[in-house]
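According to mature numbering (1 follows the signal peptide of the UniProt record, and there is no 0), the sequence shown holds residues -20 to -1, 1 to 377 in order.
Data first, discussion second: the structure below is written as structure tokens.
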Amino acid sequence: MAALAVVFAIAAVIAHSVVSAAVAAADDASSTAARNFTIASPPSPTTSGPVTYVFGDSMSDVGNNNYFPMSLAKSNYPWYGIDYPNREATGRFTNGKTIGDYMAEKFGVPPPPPFLQLRMTGKDVLGGVNFASGGAGILNETGIYFVQYLSFDEQISSFEIVKKAMIAKIGKEAAEAAVNAALFQIGLGSNDYINNFLQPFMADGTTYTHDQFIRLLITTLDRQLKRLYGLGARKVAFNGLAPMGCIPSQRVRSTDGKCLSNVNDYALQFNAAAKKLLDGLNAKLPGAQMGLADCYSVVMELIEHPEKNGFTTAHTSCCNVDTEVGGLCLPNTRPCSDRSAFVFWDAYHTSDAANKVIADRLWADMMSAGQGGASAPARVGASSPAAAPSPSPSEDY
């Protein structure tokens, strides 16, 4: 967690300076572009948080899948959004706000808008963007039966489109400075298990042992993070997997209604491998500051001790859809009367109330670790992006 605290601390500290640096760089190419960039960043005169790019799955999706007419992974209908402002079903897979929404509030910035909502010629490309898509995984084959969605590789390609639009608007040097200073939040991996490896009709579960599957995930993630690094990403916060064996859709598979320990073990093994990967990339890539967020411990605390955190129920979903096909809160379901008392909204996703507690805990842990690790070396700026060597394939993962 200390490494992750450094990622967030550095991103917050340079939030103001990067704006002036980017504008100064853009002045060389176009004074008009520089003025446009000043208007777009920071998000408002009273905010000081970093520009944030979000990559992920349905836990982070804020509406990208709404733009896919054939997508089977959508939540732009009741009862989703019942506790969101104006009771709007935005495409978030919860009854209110996501963890990312609450983290954005702590940074003092608006939640980044969905990528597919952007106008590529407008100044909105200069702010944060959310590329997350319900159904996505680290592997391209994950979520294929959702028909339309943005895989992680496609999300990275979408970011590349945004960066090209930034360059066209403010120039290459200013765009590079802005991207180097931005915070990249990534939350992926659960679908690779829940909707791939653990599904009997998906080939990966029969083709690979779990050790082989983790190597496949980490090798793929290694390539993807290096690709993001090549596009300018320096500060990366990767969300570790939560205790997947405890989500309602998995509990119903056990004989006693308890968490599936083998699935939780998978999550812990993946998290350990992901941390090793991130540590290795930090050591190899100049300027890289990548950290793992311990979501596992935070969510497990809510599940094992719901009453300590203001909840009454952590074993089943508010919508009572644990055994339903799809496990979502469709319009014909009946949500629980006290939505704030449930950790889980549907069979897969945490509730608005839980998301707020999770964000509070992650933030507090990072701030605490940051204070304790204030002397940790800040490698951002160790070398300029232009001088950084091209990342080579890793032989350690």
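Beta carbons: idealized from backbone N, C-alpha and C, even for Gly.
In this structure, the beta-carbon distance from residue 73 to residue 295 does not fall below 8 Å. By the beta-carbon neighbour count (other beta carbons within 10 angstroms, threshold 16), residue 181 is exposed. Each residue's CA atom was taken as its position, placing residue 155 and residue 116 some 27 Å apart. Of the other Cβ atoms in all chains shown, fewer than 16 fall within 10 Å of the Cβ of residue 57; this residue is therefore exposed. If you draw a straight line from the Cα of residue 44 to the Cα of residue 231, it is about 29 Å long. The residue from 189, 214, 119 and 206 with its alpha-carbon nearest to that of residue 159 is 214. Counting along the chain, the unbroken beta strand (DSSP E) around residue 273 starts and ends at 269 to 273.
Non-local C-beta neighbours of residue 309 in its own chain, meaning closer than 7 Å and more than five positions away in sequence, comprise 59, 60, 299, 301, 315, 325 and 326, ordered along the chain.
When DSSP reads this structure, residue 276 sits in no beta bridge, so it has no partner.
Taking C-beta atoms under 8 Å as the contact rule, residue 82 and residue 335 qualify, at a distance of about 6 Å. Segment contact: the region 216 to 224 against the region 162 to 170, three or more CB-CB distances shorter than 8 Å; contact assigned. Beta-bridge partners assigned by DSSP to residue 129: none are found. Residues 75 of the same chain have their beta carbon placed closer than 6 Å to that of residue 62, with the five preceding and five following residues left out of the count. Measuring C-alpha to C-alpha distances from residue 37 to each of 218, 347 and 103 identifies 218 as the nearest. Proximity to residue 31 across 119, 137 and 157 peaks at 157, based on C-alpha coordinates. Residue burial is scored here from C-beta neighbours: residue 50 has fewer than 16 other C-beta atoms within 10 angstroms and is therefore classed as exposed.
In this structure the region 283 to 295 does not lie against the region 255 to 264, because fewer than three pairs of beta carbons, one per stretch, are closer than 8 Å. Taking the Cβ atoms as the reference, residue 71 lies roughly 7 Å from residue 54, within the contact range of under 8 Å.
At a Cβ-Cβ threshold of 8 Å, residue 105 and residue 146 count as neighbours.
Residue pairing of residue 215 in beta bridges, as defined by DSSP: 163 and 269.
Cβ-Cβ distances below 8 Å link residue 292 to 286, 318, 321 and 322 in the same chain, with the five nearest sequence neighbours on each side left out; the list follows chain order. Around the CB of residue 312, fewer than 16 other CB atoms lie within 10 Å, so the residue is classed as exposed. Counting only residues of its own chain and dropping the five nearest sequence neighbours on each side, residue 237 has a CB closer than 8 Å to the CB of 231 and 295.
Distances from the CA of residue 97 to each of 123, 142, 89 and 64 were compared; the closest alpha carbon is that of 142.
When secondary structure is reduced to three states using DSSP, residue 292 falls in the coil class, being assigned neither helix nor strand.
Here residue 110 carries a strand assignment [DSSP, helix/strand/coil].
In this structure, the alpha-carbon of residue 228 lies about 27 Å from that of residue 198. Between the alpha carbons of residue 332 and residue 339 lies a distance of about 11 Å. DSSP, reduced to helix, strand and coil, places residue 33 within a strand of the structure shown. If you check the CB distance, residue 135 and residue 250 do not come in under 8 Å.
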